[in-house]
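Sequence lines, in order, name chains A and B. The opening position of the first sequence corresponds to residue 1 in our numbering, with each subsequent residue numbered one higher. The opening position of the second sequence corresponds to residue 1 in our numbering, with each subsequent residue numbered one higher. Report on the structure given below.
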Amino acid sequence: MSNLIQGKKISIDPITRLEGHGKIEIFLDDAGDVDKAYLQLPDLRGFEKFAEGRPAEEMPQITSRICGVCPGAHHMASTKALDALFNVEPTITARLIREVYYNLHVFEDHILHFYFLGGPDFVVGPNAPKQERNILGVIDKVGVEVGKQVIEIRQRARKLIDQIAGRAIHPVLGLPGGVSKQMTTEIRESLREFSKDAVNFAQFTLKIFDDIVWKNATYRDLLLGDVYRCETYYMGMIDSNGHPDFYDGNIRVVDQKGKEFITFEPKDYASIIAEHVEPWTYVKFPYLRKIGWKGFVDGPNSGMYRVAPTARMNVSETMSTPLAQEQRMVYEKAMGGKIVHSVLANHWARLVEVLNNAERIQQLIEHEAFLAPEIRNMNLGTPTEGVGIVEAPRGTLIHHYTADANGIITSANMIVASLANVAAMSMNIQSAAKAFIHKGNVDDGLLNLVEMAFRTYDPCMSCATHNLPGKMPLQVNLHQTGNATRSILRSSDGTIAETKINKEPNHD
Amino acid sequence: MTEVLDCRGLKCPQPVLKLAIKANILPKGTTLEVIADCHTFSADVTNWCTKNGRVLVSIVPKDGAQSATIQL
């Protein structure tokens, strides 16, 4: 992390321990206090555009390349969009295999966040030297044996993902109407052993959270205080019993009091969610169409909504598995009720979900149809339009495709989970910066407290950048030894400016 | 007249997906020749015809690939 303090501007560039790239800029007033702070995302992915013209059946493979951390989420949302596009219902066996795969994916992704990305802020400490705020610092704190367990459980999860989905990173599992590979008794036995250990590991991790985070008064104040807090609408997927569900269900939105705003089917998402664009960012800002986009403000009059683990708890009633439900009750009691606005509470809710994932795998693999050979329904209809929604580890993920009669994609839209949280992240970053930076006094620990405001969401910025306002800004520097250096800049509005710099080029 | 669907170079399950899409577009009774070189194509197309009530007229080698003739 390079923190540049230039006059009245502090840049944290790049921000760290997230997926993708980003930077934070903090502007100080004359007294050295924080005036404004912004989160900026400087890269562009643009998958929606180059999906056009591709055969629809390639989409689960294409879109899983959006991100190396959550390829499973894009793969599964895309596969479900193809089910809808081809108007085909997957067989019960295919659905079970998909769900087991997907719970494995969320499990290992959540573990990655707690031990490698977000967790070090608490386990090692927000003000610890930055060279210690990482997995090695965590191992140093919790012990080498625990470190080995973390690495081993993730390794086993990823090996099972590889066996079920063909690849650990870019799966080749989902097909319209089914999956590509039948389950075997050997893999099921491995899943039995794994899920038993995974339940124990999840409970152990929750205990670490309780011992190191919740029992520390300073950390508890951060979780319960006003610095890391905002009150927005919340969105998440629920099953027919009101449990949070990662794979399938309707989408529920609740307001700041926890009252249902709306519950809708995935196919109706476009009538509920709209996307706001700004000329200064590659990010689109989704919001509730009925309320409207009111800028970077929370409250009932702002259409901003949030997703991710706390949001999933806020929109649902109870967990689908008993041990996770026990832990959820502990979480809700500690956080002061069913509706939780604390941004940092995502860390805790995420670990409750880890336990839920492990228990769900135990349930799913014992279904009588799990080993059946009927893994595909080939009764495909003529492709037209399809929406697929899953709960990605970091929130509600929407894929929407249209295709011509030959199955060629004519349009693609993706509303990625982290998009829903980006506006809130900016607000939370500014709130933290204002709380911790005064009179120009700033150090690395304070800046990390600012970074913690985005890290708790486990954002994936690689997935989140889809908007191209105007033209791609581009700067070309021409160097020729002995001659003037030319710099040509194309701005995002398309204007081109050229400057000549009369000095020798720097070849460093 | 026989329609031809050339799926050479496509891997399983794409040839059968293309066939399923085409089967929805063409009029019932049309004869469709599907050519593919994926090694599981013979089994896949036989399976698809059985499940979807279409007539697999023949499946024969053709220029290093397999040619399946199907009455839709």
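Using N, Cα and C, we set each Cβ at its ideal position, and we do this for glycine too.
Taking the alpha carbon of residue i as the reference point, which residue from the options has its own alpha carbon closest?
i, options, result
"A/Asn-216", "A/Arg-328, A/Ala-433, A/Val-124, A/Val-390", "A/Val-124"
"A/Arg-360", "A/Ala-128, A/Val-150, A/Glu-58, A/Ser-195", "A/Ser-195"
"A/Gly-32", "A/Leu-18, A/Thr-499, A/Phe-436", "A/Phe-436"
"A/Ala-73", "A/Gly-395, A/Ala-432, A/Ile-429", "A/Gly-395"
"A/Asp-221", "A/Gln-61, A/Ala-497, A/Val-343, A/Ser-190", "A/Val-343"
"A/Met-76", "A/Thr-485, A/Tyr-457, A/Ile-409, A/Pro-393", "A/Pro-393"
"A/Tyr-589", "A/Thr-281, A/Ser-271, A/Trp-280, A/Pro-279", "Not covered by the structure: residue 589 of chain A. The range shown for chain A is 1 to 508."
"A/His-367", "A/Trp-348, A/Asp-211, A/Arg-192, A/Leu-447", "A/Arg-192"
"A/Met-59", "A/Tyr-457, A/Glu-48, A/Gly-68", "A/Glu-48"
"A/Asn-448", "A/Lys-439, A/Lys-294, A/Pro-120", "A/Pro-120"
"A/Lys-80", "A/Arg-167, A/Val-330, A/Val-142, A/Gly-249", "A/Gly-249"
Excluding the five sequence neighbours on either side, which residues of its own chain have a C-beta within less than 6 angstroms of the C-beta of residue i, listed in chain order?
i, result
"A/Asp-298", "Cys-230, Glu-231, Thr-232"
"B/Lys-11", "Cys-38"
"A/Met-1", "Note on A/Met-1: pLDDT 45, under 50, position unreliable in the model; no value is reported."
"A/Asn-477", "Ser-487"
"A/Ala-165", "Tyr-101, Pro-171, Leu-173"
"A/Asn-127", "Gly-445"
"A/Phe-50", "none"
"A/Ala-433", "Ile-26, Val-34, Ala-37, Val-450"
"A/Thr-310", "Val-340, Ala-345, Asn-346, Ala-349"
"A/Pro-505", "Confidence is the limiting factor: at A/Pro-505 the pLDDT is only 47, short of 50, which leaves the residue's position unreliable and the question unanswerable from this model."
Alpha carbon to alpha carbon, what distance is there between residue j and residue i?
i, j, result
"A/Val-442", "A/Ser-491", "33 angstroms"
"A/Asp-140", "A/Val-354", "23 angstroms"
"B/Val-16", "B/Cys-38", "10 angstroms"
"A/Leu-364", "A/Leu-96", "6 angstroms"
"A/Gly-388", "A/Ile-398", "6 angstroms"
"A/Thr-318", "A/Gly-46", "37 angstroms"
"A/Ile-262", "A/Ser-11", "40 angstroms"
"A/Asn-314", "A/Ser-411", "33 angstroms"
"B/Leu-72", "A/Lys-181", "27 angstroms"
"A/His-110", "B/Leu-5", "45 angstroms"
"A/Ile-415", "A/Val-253", "16 angstroms"
"A/Glu-152", "A/Asn-200", "13 angstroms"
"A/Ile-161", "A/Lys-290", "40 angstroms"
"A/His-507", "A/Gly-137", "Residue placement at A/His-507 is poorly supported in this model, since its pLDDT is 48, which falls under 50; the coordinates still yield a value, given next. Each residue's Cα considered, the two are about 38 angstroms apart."
"A/Arg-54", "A/Ala-405", "13 angstroms"
"B/Arg-54", "A/Pro-90", "21 angstroms"
"A/Ala-369", "A/Ala-420", "37 angstroms"
"A/His-274", "A/Asn-346", "For clarity, residue 274 of chain A is Ala in the given sequence; the question names His instead. Going from the Cα of A/Ala-274 to the Cα of A/Asn-346 covers about 25 angstroms."
"B/Ile-25", "A/Pro-266", "27 angstroms"
"A/Pro-71", "A/Arg-167", "11 angstroms"
Check whether the Cβ atoms of residue i and residue j lie closer than 8 angstroms to each other.
i, j, result
"B/Arg-8", "B/Ala-65", "yes"
"A/Asp-383", "A/Gly-407", "In the sequence under discussion, the amino acid at residue 383 of chain A is Pro, which differs from the Asp named in the question. Yes, the Cβ-Cβ distance between A/Pro-383 and A/Gly-407 is below 8 angstroms."
"A/Leu-351", "A/Ala-202", "yes"
"A/Gly-22", "A/Leu-39", "yes"
"A/Tyr-228", "A/Phe-122", "no"
"A/Ser-462", "A/Ile-24", "no"
"B/Thr-40", "B/Glu-3", "no"
"A/Glu-391", "A/Phe-285", "no"
"A/Pro-459", "A/Leu-18", "yes"
"B/Ile-70", "B/Cys-49", "yes"
In chain order, what residues of the same chain have a beta carbon less than 7 angstroms from the beta carbon of residue i, not counting five sequence neighbours either side?
i, result
"A/Ala-424", "Cys-230, Thr-232, Met-304, Arg-306"
"A/Lys-8", "Phe-27, Leu-28"
"A/Gly-381", "Phe-86, Asn-87, Val-88"
"A/Ser-426", "Tyr-38, Leu-39, Phe-296"
"A/Ala-334", "Trp-214"
"A/Asn-413", "Glu-48, His-400"
"A/Ile-238", "Pro-244, Asp-245, Gly-249, Asn-250, Arg-252, Val-315, Ser-316"
Residue i touches chain B at which residues, Cβ-Cβ below 9 angstroms?
i, result
"A/Ala-202", "Under the 9 angstroms cutoff, chain B gives no residues; its nearest Cβ is about 36 angstroms from A/Ala-202."
"A/Pro-383", "Ile-21, Asn-24"
"A/Leu-175", "Pro-13, Leu-17"
Residue i versus chain B: which residues are under 8 angstroms apart at the beta carbon?
i, result
"A/Leu-380", "Leu-17, Ala-20, Ile-21, Asn-24"
"A/Gly-407", "Leu-17, Lys-18, Ile-21"
Against residue i, what residues of chain A qualify as contacts under a CB-to-CB distance less than 9 angstroms, listed in chain order?
i, result
"B/Gln-14", "Pro-55, Glu-57, Glu-58"
In chain A, what lies closer than 8 angstroms to residue i by C-beta?
i, result
"B/Lys-28", "The premise fails here: B/Lys-28 is roughly 14 angstroms from chain A at the closest Cβ pair, so nothing lies under 8 angstroms."
Chain A partners of residue i, CB-CB under 7 angstroms?
i, result
"B/Lys-62", "The premise fails here: B/Lys-62 is roughly 23 angstroms from chain A at the closest Cβ pair, so nothing lies under 7 angstroms."
Just to confirm my understanding: we take residue i, look at its own chain, exclude 5 residues before and 5 after, and list those with CB closer than 8 angstroms. What are they?
i, result
"A/Gln-163", "Ile-187, Ser-190"
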